[in-house]
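Asks:
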Amino acid sequence: MEKVISMLCRYLLTLCTVAYAQVTPPQVVTCYGTLQGVNESGINVFEGVPFAVRPVGANRWRAPQLLQVWCRVCYSRFRIASRRQKNR
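Quick look at the structure:
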């Protein structure tokens, strides 16, 4: 009887571990802060990761500016639409 209970406990612990692993999104720590992505079919995906300050306003025609360190988690799970130019 003790053997059956032990096996059942191990099985339940394995199920809980697998369920937690599937719910927890992947995170990566960079020199700028923590990025959080998504797991798609067993592959960790990080899309829309910022690599420079956005080129708006005074930065419009300047060289790319380095990012500042961020304190919160940066969510990189949103797909960015590609900006394709039309052939003329």
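Using this note's numbering, read the sequence shown as starting at 110 and increasing by one per residue. Glycine residues also receive a C-beta, built at the ideal position from the N, C-alpha and C atoms. Bear in mind that the values here come from a model prediction, so they are computed numbers and not experimental data.
(1) Hey, is Pro134's beta-carbon within less than 9 Å of any beta-carbon in chain C?
(2) From Val147 to Val137, what does the alpha carbon distance come to, in whole angstroms?
(3) State the CB to CB distance for the pair Gly142 and Val178, rounded to an integer number of angstroms; the pair is presumed to be in contact (CB under 8 Å).
(4) Nearest CA to the CA of Gln174: which residue from Arg163, Pro134 and Ser150?
Replies: Looking at the coordinates:
(1) Note that chain C does not occur in the displayed structure, where there is just one protein chain.
(2) 11 Å
(3) 6 Å
(4) Arg163
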